[in-house]
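**Q** Numbering follows the numbering used here, with no gaps: position 393 of the sequence shown is 481.
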Amino acid sequence: MQSETDIAQRATSLLPAPRAVEGPTRRGLELDDSTTLWAAPGTESTERWLRATLGAALGLPLRPGAPDAPDGIRLVLDQTLGAEAYRLDVTAEGGAQIRGGDPAGVFWGAQTLRQLLGPDAFRRAPVRHGNRHGLPHLRVEDAPRFPWRGLLLDVARHFMPKDGVLRQLDLMAAHKLNVLHLHLTDDQGWRVEIRRHPRLTEVGSWRSRTKLGHRASPLWDERPHGGFYTQDDLREIVAYAAERHITVVPEIDVPGHSQAAIAAYPELGNTDVVDTTALSVWDTWGVNPNVLAPTDTTLRFFEGVFEEILELFPADAARFSAFVHIGGDECPKDQWRASPAAQARIADLGLADEDALQSWFVRHFDSWLAARGRRLIGWDEILEGGLAPGAAVSSWRGYAGGIAAARAGHDVVMCPEQQVYLDHRQAPGEDEPVPIGYVRTLEDVYRFEPVPPDLTADQARHVLGTQANVWTEVMEDQGRVDYQEFPRLAAFAEVAWSDLPASPERDFADFERRMTAHYARLDALGVAYRPPAGPLPWQRRPGISGRPVDGQPPNR
Ligand code: ACM
Numbered sequence: 089m090q091s092e093t094d095i096a097q098r099a100t101s102l103l104p105a106p107r108a109v110e111g112p113t114r115r116g117l118e119l120d121d122s123t124t125l126w127a128a129p130g131t132e133s134t135e136r137w138l139r140a141t142l143g144a145a146l147g148l149p150l151r152p153g154a155p156d157a158p159d160g161i162r163l164v165l166d167q168t169l170g171a172e173a174y175r176l177d178v179t180a181e182g183g184a185q186i187r188g189g190d191p192a193g194v195f196w197g198a199q200t201l202r203q204l205l206g207p208d209a210f211r212r213a214p215v216r217h218g219n220r221h222g223l224p225h226l227r228v229e230d231a232p233r234f235p236w237r238g239l240l241l242d243v244a245r246h247f248m249p250k251d252g253v254l255r256q257l258d259l260m261a262a263h264k265l266n267v268l269h270l271h272l273t274d275d276q277g278w279r280v281e282i283r284r285h286p287r288l289t290e291v292g293s294w295r296s297r298t299k300l301g302h303r304a305s306p307l308w309d310e311r312p313h314g315g316f317y318t319q320d321d322l323r324e325i326v327a328y329a330a331e332r333h334i335t336v337v338p339e340i341d342v343p344g345h346s347q348a349a350i351a352a353y354p355e356l357g358n359t360d361v362v363d364t365t366a367l368s369v370w371d372t373w374g375v376n377p378n379v380l381a382p383t384d385t386t387l388r389f390f391e392g393v394f395e396e397i398l399e400l401f402p403a404d405a406a407r408f409s410a411f412v413h414i415g416g417d418e419c420p421k422d423q424w425r426a427s428p429a430a431q432a433r434i435a436d437l438g439l440a441d442e443d444a445l446q447s448w449f450v451r452h453f454d455s456w457l458a459a460r461g462r463r464l465i466g467w468d469e470i471l472e473g474g475l476a477p478g479a480a481v482s483s484w485r486g487y488a489g490g491i492a493a494a495r496a497g498h499d500v501v502m503c504p505e506q507q508v509y510l511d512h513r514q515a516p517g518e519d520e521p522v523p524i525g526y527v528r529t530l531e532d533v534y535r536f537e538p539v540p541p542d543l544t545a546d547q548a549r550h551v552l553g554t555q556a557n558v559w560t561e562v563m564e565d566q567g568r569v570d571y572q573e574f575p576r577l578a579a580f581a582e583v584a585w586s587d588l589p590a591s592p593e594r595d596f597a598d599f600e601r602r603m604t605a606h607y608a609r610l611d612a613l614g615v616a617y618r619p620p621a622g623p624l625p626w627q628r629r630p631g632i633s634g635r636p637v638d639g640q641p642p643n644r
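Structure follows, in structure tokens:
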């Protein structure tokens, strides 16, 4: 079944592309029932993952063995390698050996080993008789370009049940992505249990109906929509991620994007301007005028929320776990302009205007988090008004915010909407399901460059990495999320991990060639990706309008 040529070819289809591959030779190593696994201290997470995931897929027991077993798998830490770097050797004398610069490096090496075993290694149970699985003799040397290789998942606009989030973590691990930015709250839903404020989920976690398509669409889905993660669900998600060397960064979006919280606790809104008792969880899309009131009540309420968030997302769970995202984007100032209470606050604090009031609000939580040993990260709007030195910025309105942040000495995650918002359509024409935003094809994403040329080398060191953002207004279930993510997330993963040349020299044809093998892996994983020839009939959404229809600049 598995010819030597097939096995050797797998070494040329790795994705994301590794730094260097030596070999493969046509000879190889066979894994079977007798293959043992030896794990040095510090590599236990990969040992567990190999048995649970690869062992289940291929029907291999991977029994504990001796460190010098000639045909076993061996996991070792090697401090001569850098952070997250690994070296994988498959030889006749030494079996398969993964050396990692740290435990994460060993884990990424195991992801490469899985790809070398072919698509069956991506299933959950064996599909073939005769448990012999060939590996080519070779050496892979590899290390990531960026430490932050992120995916934002918006579970507020459409809730993704816990199992779906765990599956996303598995998909991220398979692509060597390591930060899940979980957008937990928005106008359309509050998705995290907060014990001291139970109405946030009792009231805020569901809406009675939902706009179908772009907000300009006349259609409604009249079914109630909702859901939330219990605190134990989130502990499980964080622990599952940490086993895979992935950080979960929680986002509680303030002071805008807060109508679900205000619907639950009307005193959080600008009660001298609107009757906030009449608000419900928002059922449509866009930028919402109902923002938090800049009062002591609001500050104390959200300090309580963040106290529980800090417990659920401990700082030592994974590499970037000190970060807490506070949103800070798209906060219209109309209510603050009209509110006597907000104006009195501006006067009391001696602030120039409503923008300065937002800065004051963000800086409050910046200091509050810093005092607890944590780091604030927010959307690039938070730069307006100055930040504490440890705060970081997610640059979404193009590169400009990220450039300004890096020049001011702040760390940056580059996620410009023009390039890596995966809710945006991936082809022109009418066939894409609920097409919104820019047309951003697989090749466009492959050619995305996270570090703008405007930065000096010193400033560029502040670019922690990059992130693809999946906003779910028009993605009501897992299949829709899969479709928008894949195959583009595979291209994004290569941009984030691999040391690619500048965009014009990037070899997209070679990426496409490797994608042929990768589609087989995605099939085995059960990913409902967009096929290269366009959506399958059941992936289309005829009659549900997106916007714009003619490829003009988007108006989300
Ligand atoms: C955003 O897309 N409003 C961060």
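Glycine included, every Cβ here is placed at the ideal spot set by N, Cα and C.
(1) Measuring from the CB of D468, is there a heavy atom of the ligand ACM at a distance below 6 Å?
(2) Using only CA atoms, which one of D422, D546, G517 and L510 lies nearest to D532?
(3) Considering Cα atoms alone, identify which of F234, L445 and G478 is closest to D454.
(4) Quick one: does the C-beta of D242 sit closer than 6 Å to a heavy atom of the ligand ACM?
(5) Is it right to say P104 is buried, meaning 16 or more other beta carbons lie within 10 angstroms of its own, or is it exposed?
(6) Can you give the Cα-Cα distance for A276 and G206, rounded to whole angstroms?
(7) My output table needs one value for E339: the three-state DSSP class, helix, strand or coil.
(8) How is the alpha helix (DSSP H) around H452 delimited, first residue to last?
(9) Using the three-state DSSP reduction, which class does R303 fall into: helix, strand or coil?
(10) Check each candidate in V109, D436 and T123 and name the one with the smallest Cα separation from H221.
(11) Determine whether the beta carbon atoms of D177 and R227 lie at a separation below 7 Å.
(12) In whole angstroms, give me the CA-to-CA distance for C419 and S346.
(13) Give a single yes or no on whether E418 has its beta carbon closer than 6 Å to a heavy atom of the ligand ACM.
(14) I'd like to know if the segment 197–213 and the segment 234–244 are in contact, where contact means that at least 3 CB-CB pairs between them fall below 8 Å.
(15) Taking the alpha-carbon of L588 as reference, which of S101, E92, R107 and Q90 has the nearest alpha-carbon?
(16) Would G438 be called buried (16 or more neighbouring beta carbons within 10 Å of its own) or exposed?
(17) Examine the ligand ACM and report whether any of its heavy atoms sits within less than 6 Å of the Cβ of W370.
(18) Tell me whether V562 is buried or exposed, calling it buried when 16 or more other Cβ atoms sit within 10 Å of its Cβ.
(19) Spatial neighbours of P538 within its chain, please: CB distance less than 8 Å, with the 5 preceding and 5 following residues excluded, ordered by chain position.
(20) Using DSSP's beta-bridge definition, name the partner residues of L117.
(21) Going by the CB atoms, is the gap between A231 and A173 shorter than 7 Å?
(22) Classify S296: buried if its beta carbon has 16 or more other beta carbons within 10 angstroms, exposed otherwise.
(23) For a quick check, are the C-beta atoms of Q319 and E290 less than 7 Å apart?
(24) Would L307 be called buried (16 or more neighbouring beta carbons within 10 Å of its own) or exposed?
(25) On the criterion of 16 or more Cβ atoms from any shown chain inside 10 Å, does Q446 qualify as buried, or is it exposed?
(26) Nearest CA to the CA of R535: which residue from S586, L543, R513 and A493?
(27) When the Cα atoms are used, what is the spatial distance from A261 to A426?
(28) Under three-state DSSP, which class holds I186?
(29) Reducing DSSP to helix, strand and coil, say where E561 ends up.
(30) Note down, one range per segment and in chain order, each beta strand (DSSP E) of at least 3 residues found wholly within the segment 491–523.
(31) Measure the CB-CB distance between I470 and V450 and report whether it falls below 7 Å.
(32) Can you find the residues in the same chain that come closer than 7 Å, C-beta to C-beta, to T529, ignoring five residues on each side of it along the sequence?
(33) Please classify G639 as buried or exposed, where buried requires at least 16 neighbouring CB atoms within 10 angstroms.
(34) With respect to 6 Å, is the separation between the Cβ of W484 and the closest non-hydrogen atom of the ligand ACM below this value?
(35) In three-state DSSP terms, what is H606?
(36) Near P504, what residues of its chain come up, given a Cβ to Cβ distance below 7 Å and the 5 sequence neighbours on each side ignored?
**A** With the given structure in hand:
(1) no
(2) L510
(3) G478
(4) no
(5) buried
(6) Note that residue 276 is Gln in the sequence shown, not Ala. If you take the alpha carbons of Q276 and G206, they lie about 42 Å apart.
(7) strand
(8) E442 to A459
(9) coil
(10) T123
(11) yes
(12) 9 Å
(13) yes
(14) no
(15) R107
(16) exposed
(17) no
(18) buried
(19) F234, M502, V551, G553, T554, V583 and A584
(20) L223
(21) yes
(22) exposed
(23) no
(24) exposed
(25) buried
(26) S586
(27) 48 Å
(28) strand
(29) coil
(30) 499–502
(31) yes
(32) Q514 and A515
(33) Caution applies to G639, whose pLDDT of 49 falls short of 50 and renders its modelled position unreliable; the model cannot decide the point.
(34) yes
(35) helix
(36) S483, W484, G486 and Y487
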